[in-house]
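Engineer: Below you'll find the structure I mean.
Protein chains: 2
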Amino acid sequence: MIGDGYAMNKRHYDSEETRSVIAEKAARLFSQKGFAGTSIADISRESGFSKGHIYYHFENKEKLLVYLALETMSSWKERWESVSAGYGTATQKLYAMAHFVQNNYKTPLLQAGQEVASNPATSPETVAQLMGLAATPMHAYYEIFKLGVETGEFGLEESELQTTGFLFGTLMGGLCQHLFTMEAEPLEALFRQSVKIFVEGIRGKG
Amino acid sequence: MIGDGYAMNKRHYDSEETRSVIAEKAARLFSQKGFAGTSIADISRESGFSKGHIYYHFENKEKLLVYLALETMSSWKERWESVSAGYGTATQKLYAMAHFVQNNYKTPLLQAGQEVASNPATSPETVAQLMGLAATPMHAYYEIFKLGVETGEFGLEESELQTTGFLFGTLMGGLCQHLFTMEAEPLEALFRQSVKIFVEGIRGKG
DNA sequence: ATCAAAATTGAACGAACGTCCTATTTTTAA
DNA sequence: TTAAAAATAGGACGTTCGTTCAATTTTGAT
Chain L
1 MIGDGYAMNK RHYDSEETRS VIAEKAARLF SQKGFAGTSI ADISRESGFS KGHIYYHFEN
61 KEKLLVYLAL ETMSSWKERW ESVSAGYGTA TQKLYAMAHF VQNNYKTPLL QAGQEVASNP
121 ATSPETVAQL MGLAATPMHA YYEIFKLGVE TGEFGLEESE LQTTGFLFGT LMGGLCQHLF
181 TMEAEPLEAL FRQSVKIFVE GIRGKG
Chain E
1 MIGDGYAMNK RHYDSEETRS VIAEKAARLF SQKGFAGTSI ADISRESGFS KGHIYYHFEN
61 KEKLLVYLAL ETMSSWKERW ESVSAGYGTA TQKLYAMAHF VQNNYKTPLL QAGQEVASNP
121 ATSPETVAQL MGLAATPMHA YYEIFKLGVE TGEFGLEESE LQTTGFLFGT LMGGLCQHLF
181 TMEAEPLEAL FRQSVKIFVE GIRGKG
């Protein structure tokens with residue numbers, strides 16, 4: 001209790017937990033039913049808090065999605081960097097990424113983001129924020145392929161680095177769409193086979 | 001004018017054209033904005049026909065989407081079979097497929113179908129119809145890889161045939177999502193590179 | 001114990017939604 | 001030319017939507 005001079009302005013009445021419950025339920029709903037397909041009433045019912053209270057924590061529906069997408073992506077990046085450090089070769093990192101994506105990448109949420117971004121009625125500011133999101137995983141993929149070329153694991157031209165990362169990301173994203181409908185084991189096999197095809201398809205020495 | 005005994009019951013007052021205009025515009029809207037994100041008013045505005053008239057041609061919004069998805073897929077199959085006959089090797093067919101998909105595959109529409117199918121409020125009959133749709137392109141992909149194995153172009157186990165087709169389809173579908181946001185040329189390059197990676201990644205002789 | 005601040009509710013709003021219904025116009029057959 | 005049929009428009013319906021707001025309960029500091 002001594003020395004509480006300044007840091008005491010932290011407000012821990014904890015409606016922080018409420019906020020995170022709302023965020024969690026909203027994320028799942030947006031992922032499963034899309035942005036337009038999810039109503040505030042849905043989020044209210046699922047989270048157990050009133051519609052009005054959702055607006056106490058989030059300015060509006062659009063800002064809620066943006067918040068979710070941003071938070072998801074920044075946490076994704078941190079976690080991947082931690083995982084990535086445990087693997088040495090690009091090939092290993094690629095397999096690790098596939099496994100990581102299956103368990104962490106909330107692609108459907110980013111899809112909801114794309115839904116919002118492609119709506120002409122959406123504010124340019126929101127669009128800009130949402131479009132920047134795809135850059136995070138793309139950069140991570142790019143880094144792996146760049147490493148692979150440097151180590152000689154992969155035989156890619158400089159110009160193919162970006163596009164290969166893009167294609168790998170597209171495939172990862174596509175597979176994630178089946179997260180809610182397929183069982184984990186066969187889906188994991190598909191993730192692994194994806195990596196195998198890419199590794200074989202671009203390996204050095206032609 | 002002679003011999004009009006029976007086939008005369010064909011009604012060609014041609015509101016058939018109207019129907020197809022509505023269908024066309026609705027398909028583009030569902031593709032771009034999703035099912036929930038597209039209103040009947042949107043379709044009315046875009047097609048130039050009144051809201052009420054849309055219900056003259058289609059029972060309701062859900063049936064309209066099902067009709068579009070079904071029609072799109074059956075026409076897709078016919079056209080592909082016609083194109084496919086012009087190419088001899090599995091590798092050639094794969095490149096042809098990528099090009100064909102970019103110009104014909106209305107993947108976003110099937111995504112809208114998935115959106116509807118995953119909604120618990122959707123009738124089981126509709127769900128069943130929509131879920132069967134993905135089978136059409138999957139079978140076409142499967143046939144190509146099967147051919148490739150038979151000719152020795154590809155080195156795949158029997159058990160990998162289905163999954164490889166599935167992965168190729170996932171990648172094609174993912175790339176189609178960029179049809180509305182990317183320019184045609186760079187997108188075509190991505191389609192081609194996809195095929196290259198697959199062909200190299202699974203070719204015979206290891 | 002008291003009181004201001006924070007958290008939370010529930011009702012109310014206008015707008016937009018899917019659908020339906022009644023005209024009105026256009027087409028076809030007689 | 002006329003009358004039935006088909007095509008089309010436009011508005012009315014009940015509902016649901018996102019959002020706001022005044023009222024209430026809970027919390028933290030004094």
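First to last, the protein sequences are chains L and E. Count the first sequence with the UniProt record's numbering and you get residues 1 to 206, in order. Count the second sequence with the UniProt record's numbering and you get residues 1 to 206, in order. Just so it is clear, CB atoms sit at the ideal spot from N, CA and C, and this is done for glycine as well. Being a predicted model, the structure only gives us computed values, none of them experimental.
1. Anything in the UniProt domain "HTH tetR-type" (16-76) of chain L with a Cβ closer than 9 Å to a Cβ of chain E? List those residues in chain order, please.
2. Is the separation between the beta-carbon of L167/E and that of S194/E shorter than 8 Å?
3. Excluding the 5 residues flanking M138/L on each side, which residues of the same chain have their C-beta closer than 7 Å to its C-beta?
4. Assess, as a yes-or-no matter, whether the region 123-135 of chain E is touched by the region 84-100 of chain E under the definition of 3 or more beta carbon pairs within less than 8 Å.
5. Leaving out the 5 sequence neighbours to the left and right, which residues in its chain are closer than 6 Å to T136/L when beta-carbon positions are compared?
6. Which residues in chain E have a C-beta closer than 7 Å to the C-beta of T170/L? List them in chain order.
7. From the DSSP output, in three-state form, read off residue 219/E for me.
8. Bridge partners for R203/L per DSSP, in chain order?
9. T122/L CB to nearest chain E CB: under 8 Å?
10. In whole angstroms, what separates the C-alpha of V101/E from that of H57/L?
11. Run through chain L and tell me which residues come within less than 8 Å of I197/E, C-beta to C-beta.
12. Does the count of Cβ pairs from the region 14-24 of chain E and the region 52-68 of chain E closer than 8 Å reach three?
13. By a C-beta neighbour count over all protein chains shown, 10 Å radius and 16 as the cutoff for buried, is E153/L buried or exposed?
14. Which two residues bound the contiguous alpha helix (DSSP H) that contains M131/L?
15. By alpha-carbon positions, which one of G113/E, L70/E and P120/E ends up nearest to G37/E?
16. Under 7 Å between beta-carbons, which chain L residues line up against E115/E? List them in chain order, please.
17. Under three-state DSSP, which class holds K105/E?
18. Chain E partners of Q92/L, CB-CB under 7 Å?
Structural biologist: By the coordinates alone:
1. Against chain E - using a Cβ distance shorter than 9 Å - the residues of the UniProt domain "HTH tetR-type" (16-76) of chain L are Q32, K33, G34, F35, A36, G37 and T38.
2. In this structure, S194/E does not lie closer than 8 Å to L167/E by Cβ.
3. Answer for M138/L: G165, F166 and G169, listed in chain order.
4. At 8 Å Cβ cutoff, the stretches do not touch.
5. Correct list, in chain order: M73 and K77.
6. In chain order: L171, G174 and L175.
7. Only positions 1 to 206 of chain E appear in this structure, which leaves residue 219/E out of reach.
8. DSSP lists F154/L as partners of R203/L.
9. By this cut-off, T122/L is not an interface position.
10. So the two alpha carbons sit approximately 44 Å from each other.
11. Simply T164, L167, I197, F198, G201 and I202.
12. Under the 8 Å Cβ criterion, the region 14-24 of chain E counts as touching the region 52-68 of chain E, having at least three qualifying pairs.
13. So E153/L ends up on the buried side.
14. Counting along the chain, the alpha helix (DSSP H) containing M131/L begins and ends at P124 to L133.
15. For G37/E, the nearest C-alpha among the options comes from G113/E.
16. Within chain L, the residues placing a beta-carbon under 7 Å from that of E115/E are G34 and G37, ordered along the chain.
17. One detail in the question is off: residue 105/E reads as Tyr in this sequence, not Lys. Assignment of Y105/E by DSSP, reduced to helix, strand and coil, places it in the coil class.
18. Ordered by position in chain E, no residue passes the 7 Å Cβ test against Q92/L, which lies about 18 Å from the chain.
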